[in-house]
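> Chains A and B are the protein sequences, given in the same order. The opening position of the first sequence corresponds to residue 82 in the working numbering, with each subsequent residue numbered one higher. The opening position of the second sequence corresponds to residue 8 in the working numbering, with each subsequent residue numbered one higher.
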Amino acid sequence: MFYREAGDFSTSYPEDSQTFPIRFDRYRYYLVLFVAIFVIPFTINDYWVNSIFLPFLIYAIAAIGLNILVGYCGQVSLGTGGFMAVGAYACYKLMTSFPEVSMLIHVLIAGLITAGVGVLFGLPSLRIKGFYLAVATLAAQFFLVWLFNRVPWFYNYSASGQISAPERTVFGIEITGPNTEAWATYLFCLAFVIFSAVIARNLTRGAFGRKWMAIRDMDIAAEIIGVNPLMAKLSAFAVSSFFIGISGALFFAVYLGAAEAGDAFSIQKSFIVLFMVIIGGLGSIFGSFAGAAFLVVLPVALKLVGVDWIGWPTDIVAHLNLVVVGALIIIFLIMEPHGLAQLWRVTKEKLRLWPFPH
Amino acid sequence: MLDQADGYMTADGRQIGPVVMEMKNITLRFGGVEAIKNISFDIREGEVRAIIGPNGAGKSSMLNVISGFYVPQDGQVLYKGVQRPQMRPYQVAQQGIARTFQNIALFEGMSVLDNVMTGRLTHMKTGMFSQALWKGRAEKEETANREVAERIIDFLEIQAIRKTPVARLPYGLKKRVELARALAAEPSLLLLDEPMAGMNVEEKEDMSRFILSMNDEFGTTIALIEHDMGVVMDLSDRVVVMDYGKKIGDGTPDEVRNNQAVIDAYLGVAHDE
């Protein structure tokens, strides 16, 4: 009744293959974009940005990246934290070596460097699959973190072994460092989120997405119909690592400000992003957003309810958070392997018929 | 009649062209087992060529050799008159050889339309950057290929299910979607591995109709494996008969039907004792 596609006809193939073929979806998407760009920046403060919006936006980019690899191409990866570290350290080296260049370019180049590293660690995927590939990418995670901790050149020989983001600007507005404005960092990350989501959507609805999904669903059949498995898998690793590198660079430079590889980009990061992808929905861009939002908002919401309203001690709520996340992952894996995105699809299908389902 | 270099005329008056695929003295071994023993035959442009034989005769292995999945230990594969070097299956597909599988090998997580569109992948050339931008070259290419895919979808009468996930379809329709995917590649040689296995009579009739009109309308060269003798004899222009990895017969359906070796292989033969 409220959500329907009756009377909504596509009269050309481009119209049919657009991102939101149903008019209602399209308008809702424009509305979300409008609110995100023109309303939220003027209403948020430091607390909202640092506890919810920045982590959500940055994790959403990482989740989109990992979703391309795991959800679309079917290659399991546990190296997300390591690849985020590559993005962060690449961004740091670029920021300190070329101080006058815009942050936009630094972050993009950090993404490209990560894409190269991702391809390198994606090479084993040609020979091994499934669990074995997961273990191989786990090696990437440990090796990369070890590398950034042990080779002083990466952290510019600083005494603490940490990297800390110097003050850098975009169009004269400070984005990194201690004196940033909440709206500026928010908009900076939002720009990258929109950029990543649009590119990911364009790639996944076209020839590349079909190659990846063909490899995921049946790699032998994919090869027989003319998909080069080497190129398909490595391109998935490259695109995935590109986004993960961008998110790593933003995570370090804009969100944390200072980081140490073993701490900020540990195996925990790999798992959190993987959980986001699983809870959100494998093989869905919307699912990446849903998963990131869920795992970012959940601790904040639990703290709000547990500590501020009920008055429980902070550590109990923190542990409760772990319990809830763990339980949810098991529940999702059993009840709805396609995650929040699938729940959303089912809801839409029901809404189409509601209130006359017969 | 068959020795003419430039083809022959079929009984129903279709002109068959020159040789597309020639197999010369192919031998394929798995360890000590010889699956294919020194077999030679050819497939001509525009014909429907059947490969038949009892179970375990090596028919599917033969198809796998043609599609590059198995590499024969001996012999040559000549495609369009040129000896084919050893290649990976995807390179064979890019040369214009498409196939379907005995056990359906569709991409279950994708819609029917996406599955058919994967058949067009060998025709889609735009790079990653234009794909990422979408507007412009990528969109134009997508639309052009979508038109071809939709023509195939119309032809095989699966318009109504084009947005349905393949996993939800019944067996007979899956077989048809797989045919659509192979046909979408506009192959110069189409290999069908038991296209009618496990179908009822109506479905078999439908499938036969599609195979014949495919051959008729698009001029597709077809090589098929099938167990239903009635279907094979009706559809094909020439038949290769295999038994225990050897070729025991080759010719028009009538010639094959009256070949003593073929009759022996199918009906069994009395052994001297």
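Quick reminder that beta carbons are idealized off the backbone N, C-alpha and C, glycines included. Quick caveat: nothing in here was measured; it's all calculated off a predicted structure.
1) Between B/Leu242 and A/Met312, what straight-line distance do the alpha-carbon atoms span, to the nearest angstrom?
2) Roughly how many whole angstroms lie between the Cα atoms of A/Leu315 and A/Asp300?
3) So B/Pro202 and B/Leu186 are supposed to be a Cβ contact under 8 Å. How far apart are they, rounded?
4) Quick one: grab the DSSP three-state call for B/Lys147.
5) Taking the alpha-carbon positions, what's the A/Glu430 to A/Ile397 distance?
6) How many angstroms separate the CA atom of B/Met206 from the CA atom of B/Ser215?
7) By the three-class DSSP mapping on this structure, what secondary structure does B/Asn32 have?
8) Is the Cβ of A/Met299 closer than 7 Å to any Cβ of chain B?
9) Where does A/Leu363 fall in DSSP's three states?
10) My output table needs one value for B/Lys44: the three-state DSSP class, helix, strand or coil.
11) What alpha helix (DSSP H) runs, 4 residues minimum, are completely inside the region 151-223 of chain B?
12) Measuring alpha carbon to alpha carbon, tell me which of A/Val381, A/Leu414 and A/Tyr267 ends up nearest A/Ala399.
13) Classify A/Pro310 as buried or exposed, calling it buried when 16 or more other Cβ atoms lie within 10 Å of its own Cβ.
14) Using CA coordinates, which residue listed in B/Asp121, B/Thr259 and B/Ala277 is at the minimum distance from B/Ile59?
15) Quick one: what does DSSP say A/Phe437 is sitting in, helix, strand or coil?
16) What are the start and end residues of the beta strand (DSSP E) that includes B/Asp19?
17) Find out if the Cβ-Cβ distance for the pair A/Asn148, A/Ser347 is shorter than 7 Å.
18) So what does B/Ile58 bridge to, in DSSP terms?
19) Which residues share a DSSP beta bridge with A/Glu255?
20) Between B/Arg245, B/Asp244, B/Gln267 and B/Asp261, which lies nearest to B/Ile255 when the distance is taken from Cα to Cα?
21) Who are B/Ile104's beta bridge partners in DSSP?
22) According to DSSP, is B/Phe225 part of a helix, a strand, or is it coil?
23) Answer with yes or no whether the minimum CB distance from A/Phe269 to chain B is below 7 Å.
24) Against A/Ser316, what residues of chain B qualify as contacts under a CB-to-CB distance less than 7 Å, listed in chain order?
25) Excluding the five sequence neighbours on either side, which residues of its own chain have a C-beta within less than 7 Å of the C-beta of A/Met82, listed in chain order?
26) Would you say B/Gly116 reaches chain A, if we count a Cβ-Cβ gap shorter than 7 Å as a contact?
27) Nearest by alpha-carbon distance to B/Gly38: which of B/Asn62, B/Pro79 and B/Pro61 is it?
28) On the DSSP letters alone, give me the boundaries of the beta strand (DSSP E) that B/Ile255 sits inside.
29) Counting only beta-carbon atoms, is A/Phe134 nearer than 7 Å to chain B?
30) Taking any Cβ of chain B, which residues in the region 256-285 of chain A have a Cβ under 7 Å from it, in chain order?
31) Just the C-alpha distance for A/Leu228 and A/Ser322, rounded to the nearest angstrom, thanks.
32) Report yes or no: do the region 334-344 of chain A and the region 371-390 of chain A share at least 3 C-beta pairs separated by less than 8 Å?
33) Classify A/Arg238 as buried or exposed, calling it buried when 16 or more other Cβ atoms lie within 10 Å of its own Cβ.
34) Assuming B/Asp81 is part of the beta strand (DSSP E), what are its boundary residues?
35) Can you tell which of B/Ala42, B/Thr107, B/Leu198 and B/Arg51 has the C-alpha that lies nearest to the C-alpha of B/Tyr15?
36) Between which residues of its own chain and A/Leu383 is the CB-CB distance below 8 Å, once the five residues before and five after are set aside?
Well, looking at it:
1) To locate residue 242 of chain B, count along the second sequence from 1; it is residue 235. To locate residue 312 of chain A, count along the first sequence from 1; it is residue 231. Roughly 39 Å separates the two Cα atoms.
2) Locating residue 315 of chain A in the first sequence gives position 234, where the first residue counts as 1. Locating residue 300 of chain A in the first sequence gives position 219, where the first residue counts as 1. A/Leu315 and A/Asp300: Cα-Cα distance of roughly 14 Å.
3) One-based indexing of the second sequence puts residue 202 of chain B at position 195. One-based indexing of the second sequence puts residue 186 of chain B at position 179. Rounded, the Cβ-Cβ distance is 7 Å, consistent with contact.
4) Counted from its first residue, the second sequence places residue 147 of chain B at position 140. B/Lys147: helix per DSSP, three-state reduction.
5) Numbered from its first residue, the first sequence carries residue 430 of chain A at position 349. Numbered from its first residue, the first sequence carries residue 397 of chain A at position 316. Rounded to the nearest angstrom, the two C-alpha atoms are 40 Å apart.
6) Numbered from its first residue, the second sequence carries residue 206 of chain B at position 199. Numbered from its first residue, the second sequence carries residue 215 of chain B at position 208. Between B/Met206 and B/Ser215, the C-alpha separation is close to 11 Å.
7) Here residue 32 of chain B corresponds to residue number 25 of the second sequence, with the count starting at 1. B/Asn32: strand per DSSP, three-state reduction.
8) Along the first sequence, read from residue 1 onward, the residue named residue 299 of chain A stands at position 218. Chain B, which has a Cβ nearer than 7 Å to the Cβ of A/Met299, makes this yes.
9) Along the first sequence, one-based indexing puts residue 363 of chain A at 282. Coil.
10) Taking the second sequence and counting its residues from 1, one reaches residue 44 of chain B at position 37. Looking at B/Lys44 - three-state DSSP - the assignment turns out to be strand.
11) 178-191
12) The sequence position of residue 399 of chain A within the first sequence is 318, counting from 1. Nearest option by C-alpha distance: A/Val381.
13) As a working note, residue 310 of chain A is residue 229 in the first sequence. It counts as buried.
14) Sequence index remark: in the second sequence, residue 59 of chain B carries index 52 (1-based). B/Ile59 has its Cα closest to that of B/Thr259, out of B/Asp121, B/Thr259 and B/Ala277.
15) By 1-based counting over the first sequence, the position of residue 437 of chain A is 356. It is coil, neither helix nor strand.
16) In the second sequence, the residue the question calls residue 19 of chain B occupies position 12. Where B/Asp19 is concerned, there is no enclosing beta strand (DSSP E), given that its DSSP letter is neither H nor E.
17) Translated into positions along the first sequence, residue 148 of chain A becomes position 67. Translated into positions along the first sequence, residue 347 of chain A becomes position 266. For A/Asn148 and A/Ser347, no; Cβs fall outside 7 Å.
18) Within the second sequence, the letter at position 51 stands for residue 58 of chain B. Answer is B/Ile232 and B/Val247.
19) In the first sequence, the residue the question calls residue 255 of chain A occupies position 174. In DSSP, A/Glu255 forms a bridge with A/Thr250.
20) The residue you call residue 255 of chain B lines up with position 248 of the second sequence. Closest by alpha carbon: B/Gln267.
21) Start at 1 with the first residue of the second sequence, and residue 104 of chain B comes out as number 97. B/Leu196.
22) Looking up residue 225 of chain B in the second sequence gives position 218. Note: B/Phe225 maps to coil in three-state DSSP.
23) As a first step, residue 269 of chain A is located in the first sequence; it is residue number 188 there, counting from the start. Taking Cβ atoms only, chain B never reaches closer than 7 Å to A/Phe269, which makes this a no.
24) Translated into the one-based positions of the first sequence, residue 316 of chain A becomes position 235. The answer, in chain order, is Met135.
25) In the first sequence, the residue the question calls residue 82 of chain A occupies position 1. Because A/Met82 sits at a pLDDT of 49, beneath the cut-off of 50, its placement in the model cannot be relied upon, and the following sentence gives the value as read from the coordinates. Trp435 and Pro436.
26) On the second sequence, residue 116 of chain B is found 109 positions in, with the first residue counted as 1. Output row for B/Gly116: interface = yes.
27) Along the second sequence, read from residue 1 onward, the residue named residue 38 of chain B stands at position 31. Checked all of B/Asn62, B/Pro79 and B/Pro61; the closest Cα to B/Gly38 is B/Pro79.
28) The sequence position of residue 255 of chain B within the second sequence is 248, counting from 1. Unbroken beta strand (DSSP E) run through B/Ile255: Lys253 to Gly258.
29) Here the question's residue 134 of chain A lines up with position 53 in the first sequence. Taking Cβ atoms only, chain B never reaches closer than 7 Å to A/Phe134, which makes this a no.
30) Ile280, Asn283 and Leu284
31) Position 147 of the first sequence, counting from 1, holds the residue named residue 228 of chain A. Position 241 of the first sequence, counting from 1, holds the residue named residue 322 of chain A. If you take the alpha carbons of A/Leu228 and A/Ser322, they lie about 18 Å apart.
32) no
33) By one-based count along the first sequence, residue 238 of chain A stands at place 157. According to the sequence provided, residue 238 of chain A is Tyr. The question's Arg does not apply to it. Exposed, by the Cβ-count rule.
34) Numbered from 1 along the second sequence, position 74 holds the residue referred to as residue 81 of chain B. Start and end: Asp81 to Tyr86.
35) Locating residue 15 of chain B in the second sequence gives position 8, counting from the first residue. For B/Tyr15, the nearest C-alpha among the options comes from B/Arg51.
36) Position 302 of the first sequence, counted from the start, is the residue given in the question as residue 383 of chain A. Excluding residues within five positions, the ones whose Cβ falls inside 8 Å are Val398, Leu401, Asn402 and Val405.
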